[in-house]
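Per the UniProt record's numbering, numbering through the sequence shown is continuous, rising by one, with the last residue being 305. Step one of this worksheet: look at the structure below.
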Amino acid sequence: MTEPKYIYKLNSVIKQLKDEDLVPALFLMEMDKEFNIFYGFNRELDKKLMRNFNQIINSSKELNEIRKTILNYYSTQDQKYIDDFTGEVEDLNFQLPNRGKDILKYQSNPRLLAFALNYYNVQFRYEDNIINKINNPFYKFLFIIYCHPIYSQRTTDLNRIEDRFSGIINSHPIHFQKNDTIDFYIWAKNYMDDNDKYDSKVYTPITNEEYRTTVNIIFDKLFDENKDIYAALKEKLSNAWYQKKYRQKNKGKKAHHYVLQKNTLIALESLASKRKLTHEKIIENLINEHYVKECADPNSGDSLY
Numbered sequence: 001m002t003e004p005k006y007i008y009k010l011n012s013v014i015k016q017l018k019d020e021d022l023v024p025a026l027f028l029m030e031m032d033k034e035f036n037i038f039y040g041f042n043r044e045l046d047k048k049l050m051r052n053f054n055q056i057i058n059s060s061k062e063l064n065e066i067r068k069t070i071l072n073y074y075s076t077q078d079q080k081y082i083d084d085f086t087g088e089v090e091d092l093n094f095q096l097p098n099r100g101k102d103i104l105k106y107q108s109n110p111r112l113l114a115f116a117l118n119y120y121n122v123q124f125r126y127e128d129n130i131i132n133k134i135n136n137p138f139y140k141f142l143f144i145i146y147c148h149p150i151y152s153q154r155t156t157d158l159n160r161i162e163d164r165f166s167g168i169i170n171s172h173p174i175h176f177q178k179n180d181t182i183d184f185y186i187w188a189k190n191y192m193d194d195n196d197k198y199d200s201k202v203y204t205p206i207t208n209e210e211y212r213t214t215v216n217i218i219f220d221k222l223f224d225e226n227k228d229i230y231a232a233l234k235e236k237l238s239n240a241w242y243q244k245k246y247r248q249k250n251k252g253k254k255a256h257h258y259v260l261q262k263n264t265l266i267a268l269e270s271l272a273s274k275r276k277l278t279h280e281k282i283i284e285n286l287i288n289e290h291y292v293k294e295c296a297d298p299n300s301g302d303s304l305y
C-alpha cells in the first residue's frame, strides 16, 4: 500500500504543472510503463511506446484530463516509482529548452499553429510519421517541441518559424483582401479540393470563420514554399471568382450581339486576354472610358448631350 505522503507529493507536483507540460509528463509515464526507466528526450521514438501514448492523448478532449490519467496510474504503483516519476517531472525545466517560449500564442492563433506544423512536417523523417497519428493539432505541436528527439532539444526552429510567419503576416494579413467574404472562402476551399497538389483536403473546416482561416493557412504555406505557385493560384482563384460573380450578376439579362470586323475582333480578344476579362466587360469598359472623355462634363460628370 502506497503511503499517503507519496500520493500527496505526486498530486502536488502534477497540479503545479501547466497544461502544456502534461504532454511531456504523459510521455515520461509511458516510458516508465514500457521500459521501467526514464531516458532522455533525445532518444529515438519507440513505435510501441508511441502507439500507447497516441491512444491516451487522442482520448483526451482537454489537456487537464491527463492529470487524472497520471494520478490514477501512479496511485497503484510502489513508492519508488512515484518518487522517480515526480523527480523526473520536476526536472522538466532543465530537460526542455522550449519551455521558456510563449507557447500559448500557437494555441490561440490557428494560422501560426498550422504554419509551425507544416514547417516540421516538411522536415520529418520516415519514422516521425507516427507523430501525425496525434489528432489534435496543438497536442501534436506540444509533442514535437517537448518530446521529439531533435526538435525538443533546440529553440532555433521556433525562432525560425516565428520570423518567417511574421514576414508573411506583415505583407499578407489576409491573402484575398478584395474577396474577403465567407462565400468566397467556401467556394475557394471547394475549388482547391478538386486538385490534390494543393493539399487542401487535409483541412475540414466547419464554421464560416474556419473556412476563412483555412484558405489563409493554405496560402501562408504556398507563399513560404513557392511564391510563383502562390501568385499563379491566387490569380487563378481571383479570376475564376470574378467570372462566377459576373455570370451570376448578368444571369437573365438580354445579350447584345455586335458584328465586328476580323481585325477588331482579334483586338478585342487580345484585350480580353491581357486584362483577363470577358468580351462584354472589355466593351463596357471602353464605352465608359470614352463616354467620360468625350461626352461628360469634367466637373459634374453629367452628360453634355
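No residue lacks a Cβ here, since even glycine has one placed at the ideal position from N, Cα and C.
Contact between Leu10 and Leu71 is confirmed by a C-beta separation of about 7 Å, below the 8 Å threshold. Boundaries for Phe124: no alpha helix (DSSP H) harbours it, and the DSSP string shows neither H nor E there. Cβ-Cβ distances below 8 Å link Lys178 to Ser238 in the same chain, with the five nearest sequence neighbours on each side left out; the list follows chain order. Met31 sits close to Phe38, with the two beta carbons spaced by under 7 Å.
A straight-line Cα-Cα distance of about 32 Å links Thr69 and Gln123.
By the Cβ criterion, the segment 173-193 is not in contact with the segment 49-64, since fewer than three pairs of Cβ atoms, one from each stretch, lie closer than 8 Å. Excluding the 5 residues flanking it on each side, Asp21 has same chain C-beta neighbours closer than 7 Å at Leu92, in chain order. Looking at the backbone, the Cα of Glu44 and that of Gln243 are separated by about 53 Å. Here the segment 69-89 lies against the segment 12-19, with 3 or more beta-carbon pairs under 8 Å apart.
Closest in C-alpha terms to Pro149, from the list Asn98, Ile169, Ser166, comes Asn98. Pairing Glu62 with Lys140, the inter-Cα distance amounts to about 13 Å. Of the residues Arg51, Phe85, Val23, the one whose Cα lies closest to the Cα of Asn36 is Phe85. Distance from Ile161 to Tyr119 at the Cβ level is roughly 5 Å; contact confirmed, criterion being Cβ atoms closer than 8 Å. No Cβ-Cβ contact shorter than 7 Å links Met29 with Ile130. Here the segment 99-119 lies against the segment 213-232, with 3 or more beta-carbon pairs under 8 Å apart.
In this structure, Tyr198 lies near Met192, with their beta-carbon atoms less than 7 Å apart.
Taking 8 Å as the upper bound for CB-CB distance, Leu96 and Ser152 are in contact here, some 6 Å apart. About 33 Å separates the Cβ atoms of Thr155 and Lys234, ruling out a contact at the 8 Å cut-off.
Distance from the Cα of Pro205 is smallest, within the candidate group Arg247, Cys295, Asn190, for Asn190. In this structure, the beta-carbon distance from Ile82 to Leu26 does not fall below 7 Å. Runs of the alpha helix (DSSP H) spanning 4 or more residues and lying entirely within the segment 150-230 occur at 156-171, 182-193, 208-225, in chain order.
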